[in-house]
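**Student:**
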Amino acid sequence: QDTRSTTDEKPVQRSKSFSFKTQKELCTACQKTVYPMERLVANKMVFHANCFCCKHCNAKLSLGSFAALQGEFYCKPHFQQLFKSKGNYDEGFGRKQHKELWTAKETDTMTKTA
Numbered sequence: 002q003d004t005r006s007t008t009d010e011k012p013v014q015r016s017k018s019f020s021f022k023t024q025k026e027l028c029t030a031c032q033k034t035v036y037p038m039e040r041l042v043a044n045k046m047v048f049h050a051n052c053f054c055c056k057h058c059n060a061k062l063s064l065g066s067f068a069a070l071q072g073e074f075y076c077k078p079h080f081q082q083l084f085k086s087k088g089n090y091d092e093g094f095g096r097k098q099h100k101e102l103w104t105a106k107e108t109d110t111m112t113k114t115a
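Letter by letter, the sequence shown follows residues 2 to 115 of my numbering.
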């Protein structure tokens, strides 16, 4: 027989300070909420595992199979094809090559000394 008085007992209260709610993180690629089970972090950017793809061919990337340049992610074969073969990362982005910048500086110093 239960001898406890129902009026004296309080229901169990759980602490309200502890919560499973965390700050919502958004996927860098699709801007949707990333939940912990699907979270992937590369170069301090958060992605869904399925959104982490090569910019050139859209192949799914993993943490061991990507190369990053200027905030863009590529599979290793396309990274080499697009950038390393030219020998200059800037040229792949349509910027001036460093050689041109050096020659411009050399001509400036020659005209100032002459």
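Each residue gets a CB set at the ideal place from its N, CA and C atoms; glycine is no exception.
#1: Among Tyr36, Gln81, Asn59, which one has its Cα closest to the Cα of alanine 68?
#2: Can you tell me whether phenylalanine 171 is helix, strand or coil according to DSSP?
#3: As an exercise, report each continuous beta strand (DSSP E) stretch of at least 3 residues that is fully enclosed by the region 26 to 69, in chain order.
#4: Between the alpha carbons of cysteine 76 and glutamine 32, how many angstroms are there, rounded?
#5: Which same chain residues, not among the five before or five after cysteine 58, have their C-beta less than 8 Å away from its C-beta?
**Tutor:** Put simply:
#1: In the sequence shown, counting from the first residue as 1, residue 68 sits at position 67. In terms of CA proximity to alanine 68, Gln81 leads the group Tyr36, Gln81, Asn59.
#2: No information on residue 171 is available, as it lies outside the stretch 2 to 115 that the chain covers here.
#3: Taken in chain order, the complete beta strand (DSSP E) segments of 3 or more residues contained in the region 26 to 69 are 40 to 43, 46 to 49.
#4: Here residue 76 refers to the residue found at position 75 when the sequence shown is read from its first residue. Here residue 32 refers to the residue found at position 31 when the sequence shown is read from its first residue. Rounded to whole angstroms, cysteine 76 to glutamine 32 spans 22 Å at the Cα level.
#5: One-based indexing of the sequence shown puts residue 58 at position 57. Correct list, in chain order: Cys76, His79.
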